[in-house]
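Everything in the sequence shown is counted per my numbering, starting at 140 for the first residue and increasing by one.
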Amino acid sequence: MKVLLDENITPKVIIYLKRLGHDVESIQSYGLQGISDKEVLELAVREERILITQNGKDFIIQVPPRENAMHHNGLIWLKFHVTKANAEILSVKMNHFFAIESSLRNSIWRVKVNLGIFYFQKRYPSPPKELSL
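Written out as structure tokens, the structure reads:
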């Protein structure tokens, strides 16, 4: 998968996802720290990358189902803080998720963790779906 990490995701995730065979870039790797959320989304769309962020609420207002919204390659909203300590397990879970969901085009997923279980909840489009990994 082609992935763009927002600047609020530790760069350690790049290392682990690349080891798992994914094409990963980040706002930091492009040297674009501090750009607006709109510019982050435009970059993800232009590069045909899935956007992974911790501040999904700032992005969902720009993508479907909003009228005149920007179409995208997928938005994954992490509802927990990504640290160096949990970057590897997150990457493994993301790899499993990508193997199950081969196309994320215009979909929005929220990811929560509870007692070590990662819950991938499809928020858009319908029908709702949840994967526990």
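Ideal placement from N, C-alpha and C gives every residue a C-beta, glycine not left out.
- prompt: How about LEU171 and VAL163: do their beta carbons lie closer than 8 Å?
  reply: Taking the C-beta atoms as reference points, VAL163 is found no nearer than 8 Å to LEU171.
task: Per DSSP, which residues does TYR258 bridge with? Please list them.
output: Answer is LYS251, SER271, bridged to TYR258.
task: Flag this pair as yes or no: are the beta carbons of GLN260 and VAL221 separated by less than 8 Å?
output: Result no, Cβ atoms of GLN260 and VAL221 do not sit closer than 8 Å.
- request: Please list, in chain order, all residues of the same chain as PHE219 whose beta carbon is under 6 Å from its beta carbon, the five residues on each side excluded.
  value: Taking C-beta separations shorter than 6 Å and ignoring five residues to either side along the sequence, the partners of PHE219 in its chain run VAL252, following chain order.
- request: Could you check the C-alpha separation between PRO150 and PRO267 for me, to the nearest Å?
  value: Rounded to the nearest angstrom, the two C-alpha atoms are 30 Å apart.
query: Since LEU143 and SER175 are thought to touch, with beta carbons under 8 Å apart, how far apart are those beta carbons, to the nearest angstrom?
result: SER175 and LEU143 do not touch by the CB rule: their CB atoms are close to 15 Å apart, not below 8 Å.
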